[in-house]
Amino acid sequence: MNHKKILSRLTICLGALTILTTLAAQIKHSWDGSRTTPVHQIPLKDEYDQNIFPMETYPLPYSTRYTCGPCHDYEKIQNGWHFNAAASDKHGRTGEPWVLLEPKTGTVLPLSYRKWKGMWNPRELGLTPWAYTLLFGRHMPGGGVADPKENESSPESRWNVSGKIEINCMGCHNASRMQSHSEWAKQVLRQNFRWASTAASGLGEVWGMASRLPGTWDIFDGPNPDDTEWAVVPSVRYRPNRFDSKFRVFYDIADKPDDQRCLACHSVSPVLLKKSSMDRDVHSAAGLKCVDCHRNDISHDMIRGYEGEAEESQDRHIADFSCIGCHTGKVSFKKSDTTGGRLGAPYPKHIGIPAVHFEKLSCTVCHSGPLPEKGFTRVRTSRANRLGIYGIAQWFTDFPHIIEPVFIKDRAGKITPNRLIWPAYWGRLEGEKISPLKPADVQASANEIFDVEEHIARILAALLMNPEIGGIPALVTSGNVYELNADGGLDVSPYSGKKPKTEILWAVKKNRKIASLVPDFDPVAEELDVEIETRIQQTLEALATFTDPPGKPVLAYKNIMYQVLDGYLEVTERQEKFVDTPQWHWIKDNKTQPLASEFQIRTVAATVGSEQSLTEEQIELVLKSLAQNEKRQKAKEEGKFFYISGGKMFLLDEKGQLTAAEHSAADPVTWPLAHQVRPAQQSLGIKGCTECHKKRSAFFFNTVEGVGPLKTQNVAVRSAHLFMRLDKSFQKLFGLSFSIRSVLKVVLFVSVLIIGSILIIQFVLALGRFSGILEKRR
Amino acid sequence: MFGIITLISLFGLTSALVFHHYRRIQATSNKKSAGFKITDYISWLASRIFRQISGLSKNPLKKRYPKLVQKVFLLRYPAVEKWSIISLSLSFIFLAVSGFIYALFFTQSLHGYLLLFHVILGGIFAICLPLVVVLQAPVFSFWSEEAGFSNKIPGGRKRTGSVTLIQKILFWLFVISGFLLILTALTSMLPAFSLKDQLVMVDIHRYGALAALLSAIAFAYFTSVEDGK
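Line by line, the protein sequences give chains A and B. Under this note's numbering, the first residue of the first sequence carries the number 1, and numbering increases by one thereafter. Under this note's numbering, the first residue of the second sequence carries the number 779, and numbering increases by one thereafter.
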């Protein structure tokens, strides 16, 4: 055979292979037309595309890329809406941000990789995919940022230890009740990224914590038999009964995910509402699933369902799934009628509502979210407030403070209801440029100013080390009792006992009674009671367990000072000023300072038990500290540090005092809400025009007050009409006009009656004339 | 669509009235026998426009105003009749201007303070129109004698001047349009009609307003022509 023949046959073979591959790929993507969901009895594959056998000693977790990938185009799915935030240039209508919440530094920073107004790109903040995944992986569906390419890893990342989070297919498509979102969140927080999907789907149990492993560990290193207590290597024990004799697993797959799966990350509920009082969305109550409207094909490009989405994505088909599209079969209320309503959606009559409302308002204004007459409703959302994760610890947070419905004029000029949060963060202002600071950097710069509550809590924790304390250590000050709580913070309750002799009393709480750590005694007596002496010594020894103490603990009373030296209580007489109550101090270089400074006590009294975690004094000190640090580092940049909270920007003035200023960077961040949709009978305006159009209309004139982690009176206050870009006096006047609307109706009615009568007379006369009746009468 | 129809009909009416005026002038100057020539008409129109413009500059509107006011304000009528006609005319002018500006030049419908004043003056229009209709029906009725309508104004004085058939037709056209305008304004405030019906009513309101405007312009023209005789 000559070379030419070989070459031509090779070319034909290659060509045929290419065609077959293309065809195979097409078969992989296309739907055959059957409306059934295939039984998913499939072999599990690990991240190296190897079959998983559950009886192996160290089986790897299953990989969705290789288990689901052979039939479903993983690469295509990766470009879907849930996974492409960091890579896509499609942004669409503003959606919910991820909120970077760091209570200690008072950071509430809305983030998004999508270009949405008011939200910071994590890259601008210096957040790497690793940090981002650690922060938000608990509610992420995997893929995208959580599954970075090899060249995207950063120095602090530990992807080699944790593995990457592949798309969690079962997070949405698992119809089994074994699917656990809590398990997913826990595994992500333990950095068991590659194991999370296996654990959450209920296929197996996952042990160990990748977060405790050294950064050099690799999956090929396997388990460490020498450490079964602390740095336990993550491993999976598959449930053997889930496998058949061919080692295939039955996956109970929901082609259309159940609402429960969507709600794991998309729940929103009012803070004060009882679970039993929570109504379902009217669509859900009617039997629709979330995905009946929010559809997608294999591309996983979800239909978000807002007005204008069809124009943006240049896909007219999408218009069918907006409120108008589904309920009227039209693209907009004004355009010509086509087929009415999908899936039996009722055609809205909107009786008595002037057509102008449909030009100016989106459907959700009247049909979604809480009614404005009750004021703004505070809500929690899954992603912002960490909902839906259950365990011994309390996972959900009260912050960020989200309210709804705030009516805002959107890009298309239509008013839509929105959710709103006030951002709070530290940053640097250089001219017009705003650069937020990472919370960790701020904390490193002024740790002792932020660690106030922790400091007091550590003192109380140290006092608890006294085995003979006989109760719970507490701090009594400003009429309150502060005790240690399970999270290492402080709980506050009002103090109801006899007024203590001193403003700051370190005490012990026993049977709801507060007593001083040491019973009253006379320090200048010739001989001290042994019991008191022991008590003092034990307390001082307990205080000595305080990690990294500012000095040695001592008790000062009158001019006597007690301290423990070489295991004995030593009494020294001092020339220092007279103290008439026993006071606990630290002593260093012969200088004493109280266990907690006045600043710390003041701050704790102001913030513990309140939603606000910072005081203006702290802000001032931190801003000074940031500026000083910069001087020390001799940074050349010119600019000012600031803190934003409650809609105001806090800066130091020329005298070094804290001032509050208006700045657009402090503006609230909003995103439109769509659910819960209420039925027509509960829509806004059902009681008449004056539900909105009146002088003191809640719809137009509800006021939003800035809320943030800073305890201050300096907050922004905005009236609802400002968000809608409406003229206040006109709306007042227009609202007022509704009080005389009935008079106008009467005028118009009488007018119609008179003119109508005369026209009828003329008509009758014409009839008489043409029929000849008038002639005959004459 | 409404905007195009409005512009076409306004242009058509204006052209028709100008042409009518040309023919009338021709008739009065005994040029009727000469027949109609398009070139004559165009040159007349051009000279007329030029004269009007130059006339305006020499004799500004301020100076012409008293004459115009005298004509329009119909000083020969008693107070009630006179003021109801004045109020009707002024409110209608405002309603037409405010309504048509938005219909012709803006994509948004009438809103804001203009809408508020539109509603208020709509109320005045609704009060004045029936008054004018009641008081003027004897004059403009096609069959006032058969109906036994009195042609006397309060005080026993007989009405002066005559009303042509075209004026009568235009008067009743305006009344019917006005009736539709008020009726649709009333019904849109009642909680009885669906959005579809409301949209139909908006269209009736718009086209009613157009009909009222056209009939009012034509009526004003023929009234001025009759007064000039």
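A virtual CB, placed ideally from N, CA and C, is assigned to each residue, including glycine.
- Secondary structure at Glu-527/A: coil, using DSSP grouped into helix, strand and coil.
- Non-local beta-carbon contacts of Val-554/A in its own chain, meaning distances under 8 Å to residues more than five positions away in sequence, involve Leu-540, Met-561, Tyr-562, Gln-563, Trp-584, His-585, Trp-586, Ile-587, Thr-592 in chain order.
- DSSP places Tyr-74/A in the uninterrupted alpha helix (DSSP H) bounded by 74-77.
- For Gln-945/B, not one C-beta of chain A is nearer than 8 Å to its own C-beta.
- If you check the CB distance, Val-365/A and Thr-328/A do not come in under 8 Å.
- With a beta-carbon spacing of about 31 Å, Thr-1001/B and Met-979/B fall beyond the 8 Å limit used to define contacts.
- For the pair Val-108/A and Gly-708/A, the CB atoms are nearer than the 8 Å cut-off.
- Assignment of alpha helix (DSSP H) within the segment 280-329 of chain A, counting only whole runs of 4 or more residues, yields 282-285, 290-293, 309-313, 323-328 in chain order.
- Identification of chain B residues near Ser-597/A by a Cβ-Cβ cut-off of 8 Å yields none; the smallest Cβ-Cβ distance measures about 59 Å.
- Across the structure, Glu-616/A and Leu-651/A are spaced so that their CA atoms are roughly 11 Å apart.
- For the options Glu-311/A, Lys-289/A, Arg-316/A, Phe-321/A, the alpha carbon positioned closest to that of Arg-304/A is the one of Phe-321/A.
- The beta carbons of Arg-261/A and Gly-171/A sit about 7 Å from each other, so the pair counts as a contact at 8 Å.
- Here DSSP, grouped into helix, strand and coil, assigns Val-379/A to strand.
- DSSP places Trp-120/A outside any beta strand (DSSP E), giving it a letter other than H or E.
- Within the segment 961-990 of chain B, contact with chain A at the beta-carbon level (separation under 7 Å) is assigned to Leu-961, Ala-963, Leu-964, Ser-966, Met-967, Leu-968, Pro-969, Ala-970, Phe-971, Ser-972, Leu-973, Gln-976, Leu-977, Val-980.
- The beta-carbon of Arg-725/A is placed no less than 8 Å from the nearest beta-carbon of chain B.
- Within the DSSP secondary-structure output, Ile-472/A pairs in a beta bridge with Lys-509/A.
- The segment 168-183 of chain A and the segment 192-201 of chain A touch, with three or more beta-carbon pairs separated by less than 8 Å.
- For Lys-349/A, at least one C-beta of chain B is nearer than 8 Å to its own C-beta.
- At least 8 Å separates the CB of Glu-691/A from every CB of chain B.
- Under DSSP, Gln-886/B forms no beta bridge with any residue.
- For the segment 751-774 of chain A, the set of positions with a beta-carbon nearer than 8 Å to some beta-carbon of chain B reads Ser-751, Val-752, Ile-754, Ile-755, Gly-756, Ile-758, Leu-759, Ile-761, Gln-762, Leu-765, Ala-766, Gly-768, Arg-769, Leu-774 in chain order.
- Taking the C-beta atoms as reference points, Phe-780/B is found no nearer than 8 Å to Ala-874/B.
- Residues of the segment 724-745 of chain A that bring their beta carbon within less than 8 Å of a beta carbon in chain B comprise Asp-727, Phe-730, Leu-733, Phe-734, Ser-737, Arg-741, Leu-744, Lys-745, in sequence order.
- The C-beta separation of Gly-391/A from Ser-382/A comes to about 16 Å, leaving the pair out of contact by the 8 Å criterion.
- For the C-beta of Ala-794/B, not a single chain A residue is nearer than 9 Å; the gap to the nearest is close to 26 Å.
- For Gly-706/A, no Cβ of chain B is located within less than 8 Å of the residue's own Cβ.
- About 6 Å separates the beta carbons of His-367/A and Arg-678/A, which is inside the 8 Å limit, making them a contact pair.
- Under the rule that a run must span 4 or more residues, the alpha helix (DSSP H) segments found entirely inside the segment 406-484 of chain A read 439-445, 447-450, 452-463.
- Against Gln-886/B, the close residues of chain A are Glu-359, in the order they occur along the chain (beta-carbon pairs closer than 8 Å).
- In the DSSP assignment, the residues bridged to Ala-556/A are Met-561/A, Gln-583/A.
- In the structure shown, the three-state DSSP call for Arg-678/A is coil.
- At least one CB of chain A lies nearer than 8 Å to the CB of Ser-919/B.
- About 6 Å separates the Cβ atoms of Pro-97/A and Val-669/A, confirming a contact at the 8 Å cut-off.
- What Leu-684/A touches in chain B, judged by beta-carbon distance under 8 Å, is nothing: the nearest beta carbon there is about 15 Å away.
- Taking the C-beta atoms as reference points, Ala-384/A is found nearer than 8 Å to Pro-400/A.
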